[in-house]
Amino acid sequence: MKVIKTYYPKVRAIELFMFLVYGIVVCFGTFLLWVKGDLSFERWRTFMLIGLIYVSFCIFLSFCIRTQRIELTEYRIEHKLLGLSCRSVAFSSVKKVMFGKVNGSPVVAIINGNMEKPIFVPYLPFEKDWEEISSFIKERNQKVIISM
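This note's numbering numbers the first residue of the sequence shown as 1 and each following residue consecutively.
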């Protein structure tokens, strides 16, 4: 299938927030060690090595967020994560596209005519692209209802 357009996530703010939190933790942790009078090089090094667990988790999370994308092909919309297709819906079977929240996170619910449950696609970090994506879906399937 020919890919017409691919949308990539906007992750700069997410990564900036992760490193900001890490910076706050390092500063606050070092300050607490200093206040307690327990600030030796050995203790500080151990504290920083434990902090690497947080950094490695953030790097992995950032990698997963960066590798996801939404592809619009001739006949379907696909959400891919780590290069694998997570969700795929044919334009002809889309009945309704709704913007809402699930567990506090904004999502886009695609009601498929072939399934009972909606297919949830992440709204973030594609928030600036959804207007264009929804108009493309409407262009391919005139019967679809798009509700905000």
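Just so you know, even glycine gets a beta-carbon here, dropped at the ideal spot from N, CA and C.
Considering only the alpha carbon of each residue, which of the options lies closest to residue i?
i, options, result
"Ile111", "Phe120, Gly104, Asn103", "Phe120"
"Tyr75", "Val108, Arg140, Thr46, Phe31", "Arg140"
"Val26", "Gln142, Ser147, Ile53", "Ile53"
"Ile77", "Val102, Thr46, Ala109, Asp38", "Ala109"
"Val102", "Phe47, Lys143, Phe31, Pro122", "Pro122"
"Phe136", "Ile14, Phe19, Gly104, Phe91", "Phe91"
"Leu61", "Lys36, Glu15, Arg43", "Glu15"
"Thr30", "Gly51, Phe17, Phe19", "Gly51"
"Val89", "Met18, Leu72, Gly83", "Leu72"
What residue range is occupied by the uninterrupted beta strand (DSSP E) comprising residue i?
i, result
"Gly23", "Taken as a continuous stretch (DSSP letters only), Gly23 belongs to no beta strand (DSSP E), being part of the alpha helix (DSSP H) at 12-36."
"Phe99", "94-102"
"Val108", "105-112"
"Tyr75", "Run containing Tyr75: none; DSSP gives neither H nor E here."
"Lys5", "3-7"
"Leu84", "84-90"
Along the alpha helix (DSSP H) that carries residue i, what are the first and last residues, could you check?
i, result
"Glu131", "130-140"
"Tyr54", "41-67"
Is residue i helix, strand or coil when you go by DSSP?
i, result
"Phe120", "strand"
"Glu71", "strand"
How many whole angstroms separate the CB atoms of residue i and residue j, which I take to be in contact at a CB cut-off of 8 angstroms?
i, j, result
"Arg66", "Lys80", "Going by Cβ atoms, the distance from Arg66 to Lys80 rounds to 12 angstroms, so no, they are not a contact pair."
"Val144", "Val94", "5 angstroms"
* To do: Report yes or no: do the stretch 53-71 and the stretch 98-105 share at least 3 C-beta pairs separated by less than 8 angstroms?
  => no
* Per the contact definition of three or more C-beta pairs closer than 8 angstroms, is the stretch 125-145 in contact with the stretch 1-12? -> yes
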